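Written out below as structure tokens is the structure these notes cover.
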Amino acid sequence: MSDRVIIFDTTLRDGEQALAASLTVKEKLQIALALERLGVDVMEAGFPISSPGDFESVQTIARAIKNSRVCALSRAMEKDIDAAGEALRVASQFRIHTFISTSTIHVESKLKKGFEDVLEMGIQAVKHARRYTDDVEFSCEDAGRTPIDHLCRMVEGVISAGATTVNIPDTVGYTVPSEFGNIIKTLFERVPNIHKAVISVHCHDDLGMSVANSITALQHGARQIECTMNGLGERAGNCSLEEVAMIIKTRQAMLGLHTGIHHQEIHRTSQLVSHLCNMPIQPNKAIVGANAFSHSSGIHQDGVLKAKNTYEIITPESIGLPQNVLNMTSRSGRHVIKHRMETMGYPEGSYDLDQLYESFLKLADRKGQVYDYDLEALLFFNQLHEEPEYFKINYLSVQSGASVLATASLRVQVGEEEVAEAATGNGPVDAVYQCITRITGFDLRIANYELKSKTEGTDALGQVDIVAEFEGRKFHGMGLATDIVEASAQALVHVVNHIYRAKQVAEYKEQFQRTRMETI
Ligand code: KIV
Ligand code: ZN
0 MSDRVIIFDT TLRDGEQALA ASLTVKEKLQ IALALERLGV DVMEAGFPIS SPGDFESVQT
60 IARAIKNSRV CALSRAMEKD IDAAGEALRV ASQFRIHTFI STSTIHVESK LKKGFEDVLE
120 MGIQAVKHAR RYTDDVEFSC EDAGRTPIDH LCRMVEGVIS AGATTVNIPD TVGYTVPSEF
180 GNIIKTLFER VPNIHKAVIS VHCHDDLGMS VANSITALQH GARQIECTMN GLGERAGNCS
240 LEEVAMIIKT RQAMLGLHTG IHHQEIHRTS QLVSHLCNMP IQPNKAIVGA NAFSHSSGIH
300 QDGVLKAKNT YEIITPESIG LPQNVLNMTS RSGRHVIKHR METMGYPEGS YDLDQLYESF
360 LKLADRKGQV YDYDLEALLF FNQLHEEPEY FKINYLSVQS GASVLATASL RVQVGEEEVA
420 EAATGNGPVD AVYQCITRIT GFDLRIANYE LKSKTEGTDA LGQVDIVAEF EGRKFHGMGL
480 ATDIVEASAQ ALVHVVNHIY RAKQVAEYKE QFQRTRMETI
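Here numbering that gives the first Met the number 0 is used: position 502 in the sequence shown is 501, and no number is missing along the way.
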């Protein structure tokens, strides 16, 4: 059996499914490119039948990605598989992933069927998917709670039908490692054709067991792990990619396995996913948390100063975490910025240097000293705000204080014209929001507002993330500035630009459909 573990990333499917506001096609593509640089073997780009937007993102990603296999999800239904096959057609290498529930509770209560029916549906789905590709994955949803006889029959049946990967998900994160390992072991003992397919696992983290269960499965013969960056995913999330990759690397001597992951890409991929998905990383999160490499207690610090390996089992450099934090000023030239970016793992060409340098100079003028982490924050901000803006703040002024009614006056570029507005509010942010909503005329509701200090010190960059609801859809916006009211305004303008684009797309589709109806 091979000692290479296939890393199947599902950040863009299982991970995205769990976000408050869905990602735009462009944001998904940015993540896909980062996952490709990270070296994932397979990336699940979406669920094409679920929406036209998902279909478009899968197709866009399939077209752009060259070094990872692009995969799309489909229920065990012909129309789902056809949509997946159609979206993936443009890829250099692709996989169709089809699934059906196998546990009694899912089969009877959710699908209202019997096991024999789902067995047949699974087999037919695999046969249908094989018409598009010879790389077909089948998942037995809720395998962790499936009677083992049923699971063995299903695995045998779909392999005979042509599945080349069979995935065993612990969909509800219910099992413990010994139990889950035993399921994999039993499959290897009882399914006669099991060696014709790769056995994969997909564990959820409801009881905090996803990583332990996945590693135990490898010890019993599984050779693919399905995981997500930062452990994003339904409910408590999925097995975290960075943890699995670093366990396999750090404990290589014991496990005897390896992956194709470029570990030095872990930090920046994790940061990018966190920013674009608006999902902060808990500080004590293994591998990618802000405190993952900081030693607090005096005894630990003393030990690390004497010999790093007293308390450090992995180095920050091994995941690409920049070590030397250098400060730059407005006198620093472009080559310094380019050099710092390179040191942090962002080679020239992977970002827009001119745009970054311009933002850097603006920040340096206001803040004096700019640090590595400021540069990274500016980079993510620029990436998020890359699309052309219909609404743009030209001027913003606020007056507020302990005994003053907060007042804001704004001039906003709306397409070709500039519109001015003034408003009072319950605090400066509210006053600014009143102005922006009046100017745009969008009747939106702020569902979530979060302010955090992005960097260090009282002159730090403040990052504001908001989630706004508009006509039943959620939109995410992010702002970054040393002034928190300005950051708040930027975040809302980011949202209204998203809404504007979504409305344009909807209008375009409506018009397209109307023209089609007229020509029929
Ligand atoms: O959790 C699960 O079972 C899934 C399947 C679709 C693989 O996400
Ligand atoms: Zn899942």
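Ideal Cβ placement from N, Cα and C applies to all residues, glycine included.
Quick caveat, the model's predicted, so the values are computed rather than measured.
Which class does residue i belong to by DSSP, given the choice of helix, strand or coil?
i	result
I392	strand
Y432	helix
R94	strand
V494	helix
H257	strand
T59	helix
Q263	helix
L186	helix
N326	strand
V335	helix
S250	Reading the sequence as shown, one finds Arg at residue 250 and not Ser. Three-state result, R250: coil.
V403	strand
R130	coil
L231	coil
Give me the residue from the options with the minimum Cα distance to residue i.
i	options	result
E178	S100, C202, S159, L231	C202
L409	V418, V154, V495, E388	V418
A160	A128, R88, E233	A128
M228	K284, N181, I193, K451	K284
V494	V197, E386, R513	E386
I445	T145, D8, A19	A19
V4	G400, D53, I247, I298	I247
P191	S399, V154, M42, D141	V154
G236	A71, L362, R12	R12
Y499	T457, T439, G471, K451	T439
V466	A480, Y448, T457, G456	Y448
I182	L491, L206, K195, Q218	Q218
M245	F98, I6, T457, H338	I6
E77	Y432, L110, G121	G121
R267	G259, G302, Q300, I318	I318
R130	M42, R189, I224, R88	R88
Y389	Q489, L275, Q281, V197	Q489
S108	A33, Q123, S329, D141	D141
E470	L378, K502, A17, C151	K502
E347	K361, L378, G259, K473	L378
With 16 as the cutoff for other CB atoms within 10 Å, does residue i come out buried or exposed?
i	result
G143	buried
S199	buried
M477	buried
N277	buried
K307	exposed
Y370	buried
K453	buried
H334	exposed
S295	exposed
D2	exposed
V403	exposed
I298	exposed
I312	exposed
A505	exposed
P168	buried
L37	buried
R222	buried
T170	buried
G172	buried
V428	buried
T10	buried
Q251	exposed
N393	exposed
S300	Strictly speaking, residue 300 in this sequence is Gln, with Ser absent from that position. So Q300 ends up on the exposed side.
DSSP has residue i in a bridge; who is on the other side?
i	result
Y448	I465
K473	E468
I198	V165
M42	D8, V69
L409	L395, E420
H203	N237
A480	G461
I99	C139
Y370	N326
R3	H257
Q223	I5, S199
R74	F98
If contacts are defined as beta-carbon pairs under 8 angstroms, then residue i and residue j qualify, I think. What distance do you get, rounded to the angstrom?
i	j	result
A90	V69	5 angstroms
E14	L231	It should be noted that the sequence gives Gly, not Glu, for residue 14. With a Cβ gap of about 3 angstroms, G14 and L231 count as contacting.
Q263	G344	6 angstroms
Just to check, is the beta-carbon of residue i closer than 7 angstroms to a non-hydrogen atom of the ligand ADP?
i	result
T103	Ligands in the displayed structure: the ligand KIV and the ligand ZN; the ligand ADP is not one of them.
Counting contacts by CB-CB distance shorter than 8 angstroms, is residue i in contact with chain C?
i	result
E517	Protein chain content of the structure displayed is limited to a single chain, and chain C is not contained in it.
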